[in-house]
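Visitor:
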Amino acid sequence: MTEKLVVPAVDMFVYAGLPLWLTYFSRFPSLAAASGLWIAFTRDAYQRIGGHQAVSNQIVEDVELSRLAKKSGIRILTLAGTGVVSCRMYHSFSEVWNGFSKNLFGLVHYKTIPFFTLMLALFTTCVLPYITVWFVSLRELSIVAIVMNIAMRMVLALKYRHPFFTSVILHPFGILLTLLIGINSFFQVRRGRLQWKGRQINLQVNE
């Protein structure tokens with residue numbers, strides 16, 4: 052259940068926040084994205100950026116590879132692999148919690164202000180309306196926001212085969228859980244340690 056709540060929520064962050072075609076046309080490293088599940092390089096491009104050895108000290112190495120490619124003047128293109136590649140990332144609550152705690156803060160390159168700005172925006176738009184709908188003075192605006200949330204998640208569920216019940220009906224719970232994991236990711240990184248597959252990862256980040 053946990054993975055069916057959180058994985059589609061993380062997908063939503065990517066698909067709603069980054070038009071994938073921008074990864075090809077923009078040369079800004081901040082507009083790079085990748086999934087370690089499946090990345091294809093030409094041999095020349097891979098060798099030019101130094102391969103995985105160049106990001107061996109990075110936690111979110113797939114995204115760092117795409118950023119490094121952009122910095123090296125190599126065009127990248129991020130695509131949804133629905134129907135082509137499949138993978139079950141996690142099997143339990145602890146795996147979901149630790150796995151995304153490792154990644155979420157790193158998705159904004161460990162920048163505190165952008166990270167919490169994103170957290171606040173997601174809470175305000177995706178969770179808060181489900182609370183304020185119970186207040187008469189805010190009900191109409193909240194209903195509009197809820198309808199927009201549901202419509203967006205329905206489109207994503209149909210296009211990317213997300214489970215309907217957990218991604219659409221339980222949408223605010225999935226977002227809230229993902230935000231809590233994000234906050235944990237921030238504090239774990241700030242403490243200089245992360246847990247991944249039963250081992251501690253020592254990490255020092257300088258903004």
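Numbers in the numbering used here are just positions in the sequence shown, counted from 1, shifted up by 51.
Using N, Cα and C, we set each Cβ at its ideal position, and we do this for glycine too.
1) Cα-Cα, which of F216, L173, Y161 and T74 is closest to S236?
2) Select from Y181, F174, T183 and R78 the residue whose C-alpha is nearest the C-alpha of S117.
3) Identify whether L56 lies in helix, strand or coil by the three-state DSSP scheme.
4) For a quick check, are the C-beta atoms of R94 and S123 less than 8 Å apart?
5) Tell me whether the stretch 137-157 and the stretch 103-116 touch, counting them as touching only if at least three CB pairs, one residue from each stretch, are closer than 8 Å.
6) Tell me which residues share the same chain as G87 and place their Cβ nearer than 6 Å to its Cβ, disregarding the 5 neighbours each side in the sequence.
7) Only counting the same chain, and skipping five residues up and downstream in sequence, which positions put a Cβ closer than 7 Å to that of W89?
8) By the DSSP assignment, the alpha helix (DSSP H) with I232 in it spans what residues?
9) Counting only the same chain and skipping the five closest in sequence on each side, list residues whose C-beta sits under 8 Å from that of I125.
10) Look at the alpha carbon of F92 and the alpha carbon of P165, and state the distance between them as a whole number of angstroms.
11) Helix, strand or coil: which one does DSSP assign to L119?
12) On the three-state DSSP scale, how would you describe N108?
13) What is the DSSP secondary structure of K153, counted as helix, strand or coil?
Guide: Let me lay it out:
1) Between S236 and the set F216, L173, Y161 and T74, the nearest pair of CA atoms involves Y161.
2) Comparing Cα positions, the closest option is R78.
3) In the structure shown, L56 sits in a helix (DSSP, three-state: H, G or I).
4) It is not a contact, given that the beta carbons lie outside the stated cut-off.
5) With a cut-off of 8 Å, the stretch 103-116 and the stretch 137-157 count as touching, because enough Cβ pairs lie within range.
6) Excluding sequence positions up to five before and after G87, its CB lies within less than 6 Å of the CB of D113, all in the same chain and listed in chain order.
7) Taken in chain order, the residues that qualify are G132 and V136.
8) For I232, the enclosing alpha helix (DSSP H) stretches over residues H222 to R241.
9) Same-chain partners within the cutoff: A96, R99 and I100.
10) Straight-line spacing of the CA atoms in F92 and P165 works out to 30 Å.
11) Annotated three-state conformation of L119 is helix, per DSSP.
12) Here DSSP, grouped into helix, strand and coil, assigns N108 to coil.
13) It is helical.
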